[in-house]
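For the protein sequence lines, the chains are X and R, in the order given.
Number 95 in my numbering belongs to position 95 of the first sequence; there are no gaps in the numbering.
One gets my numbering by counting positions in the second sequence from 1 and adding 1000 to each.
A short write-up of the structure that comes next.
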Amino acid sequence: MQVTEKTLLFNSVAFFIFLPVVVVLYYFLPQKYRWVILLTASYFFYGSWKIEFLSLIMFSTLVDFYAAQALHRQKIKWRRNILLGVSLTANLGLLFAFKYLVLFLPSVDPMIANIYTVDHPFLGFLLQGVYFSIPVGISFYTFQTLSYTLDVYHNRIEPEKHLGHFALFVSFFPQLVAGPIERFSRLMPQLKTKHIVSYARFQQAFRLMLYGFFIKMCIADNLSPLVDAVYDNPSNYAQWSTWFGTFAFGLQIYTDFAGYSLIAQGAALCLGISLMDNFKTPYFSTSIGEFWNRWHISLSTWFRDYVYLPLGGNRVSLIRWVVNILAVFIISGFWHGANYTFLIWGAIHGMLYLVERLINANKRLPQTRLVLFAGGIAIFISVNIAWLFFRIDSLEQIPEHVNALFHTEGVQNLTLSIPIITMLFTFVLAEIMTYNSRFDQLLSKLPTAVRWLIYAGLFWCIAAWAGVTNHPFIYFQF
Amino acid sequence: MGQEIKHILSKGLVRLISIGLLAVGFNQLYTTYFLEADLDDHGPMLLELNKIADTSDVIYFGESSNFTTHPDDYNTLRISDNIAVKHPNYSFGTINHGAYHVGMFLPLVKQVQTTKEPKTIIVTMNLRTFNQDVIYGPSEANLRLASRFYQPTLPILNKVFASLNHYDNRSGHERDLLKWKAWTYDTLVSTDDSVHFKVNTIRRWCEVPKFLDSAGVQDNAKRQLADQYIKAYAFQIDDSNPMVQEFDELLQVAQQKNMRVVFNLIPENVEDAAYYIGDNLVWLMQTNRDFLVERYTNLGATVVDNLELLPSKHFLDRAVIPQEHYDAKGRELVGLQVAQVL
């Protein structure tokens, strides 16, 4: 992934200029032209990553727009199937080419690829895309457009008639590169609605973004170097440090991705558009099922609606159901990247889910607080150990890491500064308080003085204690 | 809608003022209690500068050429120490850090307070740092992060900008691509009738077979070192070179602060450049030297031209790589040259 200081990351100076400019232009323009400013802004946003990859979004947009139009007109089933096949092949083909093809190709030295790119710019661009810089967000926007075509195919929605509006649905910048993966029926009506300036909405957006920046820049970015150090050389570290580093990745990926999602929600809300919640304190889940209802919700519901239910859901034989569950989890793992480690991560979650259902089917355990608490601890530990497979680059790293967890002779210790400990404590407290609500909702219930104190505290953390790592959001690579 | 906008503007103004006041308070708090730890991690030379700036008549800005020694050296004096020895009446301060170049020296010079008594700054000018290999080097993002912390803005603002990656933080892979583009497309042009480039890009020059014996077999060790010399010195400096622009700004800033500027153009292994590659490469080194000496002399700096000062035997890494690490005698000779202009 190519990131420069000009790339429009949420956590970049450029974004703090870009967003206000877009918001002001958006509200000043008449409703009928607002899609133009949003589409231009979205393409500009995406083009700041790598302008060549805009062509892929445009390709997906055109294929799905016209495929859906044709699907709607076509009444003969086999022809409809062909049209659906065209859309699926085009989108999944792009995804395969830029994300998974590398699995089947010989490895290429990055320097050789660079030399080739210098000599053959066009082919080199493809080579770079396949090997070294996956088009950012390709899995997200591909799944978003796929859901649209599938919904049209199943006659759940009418196709969009305006290419510009549809292009905006595919590329709406707040959620373009890492979701939430929105459905057409939810997002498009909002994009077409005339939104007026609202102080209350700006206030809500500000709160979401402030907390999003806090958990991304202060928690995730501060944990990142600690996690990297342990995962790079687990056997160098004392046992507690290895355990801490391993579990810290669970916290890092959560705060990184949830932080992104909150900022996305806040940015969209500035434009009057409400994006779905993508996380709901997932680490307080008392079961794997609940975890997946609270973690990356837009993706898990996508897999439920477009993979699990079409496979028959739970209205099939037990063996078929087991196969379906495992398939969905393994595919969702593979969605994250072209590495067998993701596959194993998905399979572990699938197994955990099946075991849990088996236990629940016998109804042996009463749902007392103690049982729920024990369940919560078990899920927290299981999920965090499973992250190990998500974080490593290859399976060869597993023996060394596991060995370091249990028999390390390393002596190095991770250093946790007082600011990091303070912020972790603040974060856990905020998670407890937002168990059944969202940060912005929690704040709105507090007295003004307390609210301002919280604002000041978060501002302080972001300004003075944020991490200084050169890491964009983790999920941008998926 | 008009009412709502007025409402937002009035409330927004109050909040903006509050944030401004908070920022001032936060900056004070951060500077007092947390800045030092951040500088320790990311920009240690500012701490060093703060220690020496007020008490030093002369400040030497150097990189590894200043402090690298060899176990066989008869002393471990740095170049800056060798200068100081010759001027016992001046108080000397040294700022040096491996791999630093003008990109880091510039914001540090901006941080030197203007005083009534004019100071002298000696800034290392390393010819190799003007090349594409350094400009697009893999460590550049980290160096630019340090540079971010050295900027003479509010310390808390530097921290915010660093957290938001507001510096040149291109990845190593991307820089490598830019470097190969430059090596492929930047052409070398002769302005001297006696110099003709048979191949006029770094890439093509490196592709030419070298050190072939009578059977046509290549001496790979020598060839690799020869190619290193091409990559290090086969370029032509002009106004658009980013390092030139930073040196220009550094000089301007220093002059505004009433400081005397001495550029120490440190020695390169010209002897080996001639042996491994030949006169064309030496001509490039010399014309680049001439460009720098003329430009900065005209702009009011003192440029100490040490480019060809040292024979090959003084270069510690001569068997491996073209690099400006000198033995004790080499450091002494360079120091002596600079000391003479103070």
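Backbone N, C-alpha and C define an ideal beta-carbon position, used for all residues, glycine too.
Measuring alpha carbon to alpha carbon, tell me which of the options ends up nearest residue i.
{"i": "X:TYR475", "options": "X:TYR260, X:MET433, X:ILE331 and X:LEU352", "result": "X:TYR260"}
{"i": "R:VAL1320", "options": "R:LEU1049, R:LEU1145 and R:GLN1224", "result": "R:GLN1224"}
{"i": "X:PHE249", "options": "X:PRO225, X:GLN69 and X:GLU290", "result": "X:PRO225"}
{"i": "X:LYS75", "options": "X:ASN91, X:LEU187, X:VAL152 and X:ILE418", "result": "X:VAL152"}
{"i": "R:ALA1328", "options": "R:LEU1047, R:ARG1078, R:GLY1043 and R:LEU1212", "result": "R:ARG1078"}
{"i": "X:LEU414", "options": "X:ILE392, X:PHE244, X:ILE432 and X:ALA463", "result": "X:PHE244"}
{"i": "R:GLN1028", "options": "R:LEU1016, R:SER1018, R:LEU1157 and R:LEU1046", "result": "R:LEU1157"}
{"i": "X:ASP305", "options": "X:ILE181, X:ILE344 and X:LYS77", "result": "X:ILE181"}
{"i": "X:LEU392", "options": "X:TRP295, X:LEU83 and X:ALA338", "result": "In the sequence as presented, Leu is not what sits at residue 392 of chain X; that position holds Ile. It is X:ALA338 whose Cα lies nearest to the Cα of X:ILE392."}
{"i": "R:LYS1110", "options": "R:TYR1326, R:PHE1247 and R:PRO1152", "result": "R:PRO1152"}
Step through the CB atoms of chain X and report whether any lies within less than 9 Å of the CB of residue i.
{"i": "R:TRP1205", "result": "no"}
{"i": "R:PHE1026", "result": "yes"}
{"i": "R:ALA1234", "result": "no"}
{"i": "R:ILE1135", "result": "no"}
{"i": "R:PHE1034", "result": "yes"}
{"i": "R:TYR1150", "result": "no"}
{"i": "R:ALA1141", "result": "yes"}
{"i": "R:THR1184", "result": "yes"}
{"i": "R:HIS1007", "result": "yes"}
{"i": "R:LEU1188", "result": "no"}
If residue i sits next to residue j, beta carbons under 8 Å apart, how far is it from one beta carbon to the other, in whole angstroms?
{"i": "X:ILE288", "j": "X:TYR353", "result": "5 Å"}
{"i": "R:ASN1241", "j": "R:PHE1130", "result": "6 Å"}
{"i": "X:THR117", "j": "X:TRP49", "result": "17 Å between Cβ atoms; not a contact."}
{"i": "X:TYR27", "j": "X:SER171", "result": "About 20 Å; that fails the 8 Å criterion."}
{"i": "X:PHE166", "j": "X:GLU158", "result": "About 12 Å; that fails the 8 Å criterion."}
{"i": "R:LYS1210", "j": "R:ALA1226", "result": "5 Å"}
{"i": "R:VAL1102", "j": "R:PHE1247", "result": "5 Å"}
Run through chain R and tell me which residues come within less than 7 Å of residue i, C-beta to C-beta.
{"i": "X:ILE115", "result": "TRP1180"}
{"i": "X:MET111", "result": "ASP1176"}
{"i": "X:ALA456", "result": "LEU1022"}
Beta-carbon separation of residue i and residue j under 9 Å?
{"i": "R:SER1091", "j": "R:ASP1057", "result": "yes"}
{"i": "X:ILE330", "j": "X:GLY346", "result": "yes"}
{"i": "R:ASN1096", "j": "R:ASN1126", "result": "no"}
{"i": "X:GLN144", "j": "X:PHE169", "result": "yes"}
{"i": "X:ALA258", "j": "X:PRO174", "result": "no"}
{"i": "X:THR422", "j": "X:TRP452", "result": "no"}
{"i": "X:ASP256", "j": "X:ALA229", "result": "no"}
{"i": "X:ILE57", "j": "X:TYR43", "result": "yes"}
{"i": "R:TYR1060", "j": "R:ILE1122", "result": "yes"}
{"i": "X:VAL136", "j": "X:PHE53", "result": "yes"}
{"i": "R:VAL1160", "j": "X:ILE17", "result": "no"}
{"i": "R:GLU1308", "j": "R:GLU1268", "result": "yes"}
{"i": "R:SER1139", "j": "R:HIS1325", "result": "no"}
{"i": "X:THR408", "j": "X:GLN239", "result": "yes"}
{"i": "X:GLN204", "j": "X:GLY266", "result": "yes"}
{"i": "X:ILE138", "j": "X:THR286", "result": "no"}
{"i": "R:VAL1112", "j": "R:LYS1257", "result": "yes"}
Between residue i and chain R, is there a C-beta pair that is closer than 9 Å?
{"i": "X:MET423", "result": "no"}
{"i": "X:MET58", "result": "no"}
{"i": "X:PHE45", "result": "no"}
{"i": "X:PHE459", "result": "yes"}
{"i": "X:LEU150", "result": "no"}
{"i": "X:PRO419", "result": "yes"}
{"i": "X:SER133", "result": "yes"}
{"i": "X:LEU318", "result": "no"}
{"i": "X:PHE427", "result": "no"}
{"i": "X:PHE202", "result": "yes"}
{"i": "X:ASP221", "result": "yes"}
Starting from the beta carbon of residue i, find every residue of chain R whose beta carbon is closer than 8 Å, and list them in chain order.
{"i": "X:SER12", "result": "LEU1164, ASN1165 and HIS1166"}
{"i": "X:SER198", "result": "GLU1004"}
{"i": "X:VAL24", "result": "Here the premise fails: no neighbours, minimum Cβ distance about 11 Å."}
{"i": "X:PHE96", "result": "The premise fails here: X:PHE96 is roughly 23 Å from chain R at the closest Cβ pair, so nothing lies under 8 Å."}
Just the chain X side, please: which residues come within less than 9 Å of residue i by C-beta, in chain order?
{"i": "R:LYS1159", "result": "ALA463, ALA464, TRP465, ALA466 and VAL468"}
What residues of chain X sit near residue i, judged by a beta carbon separation below 8 Å?
{"i": "R:LYS1011", "result": "TYR199"}
{"i": "R:LEU1145", "result": "VAL468 and ASN470"}
{"i": "R:HIS1042", "result": "VAL468"}
Going along chain R, which residues have a C-beta under 9 Å from residue i?
{"i": "X:MET217", "result": "SER1163 and LEU1164"}
{"i": "X:VAL102", "result": "Those within 9 Å of X:VAL102 in chain R number zero; the least Cβ separation is about 15 Å."}
{"i": "X:VAL118", "result": "LEU1177, TRP1180, LYS1181, TRP1183, THR1184, TYR1185 and ARG1203"}
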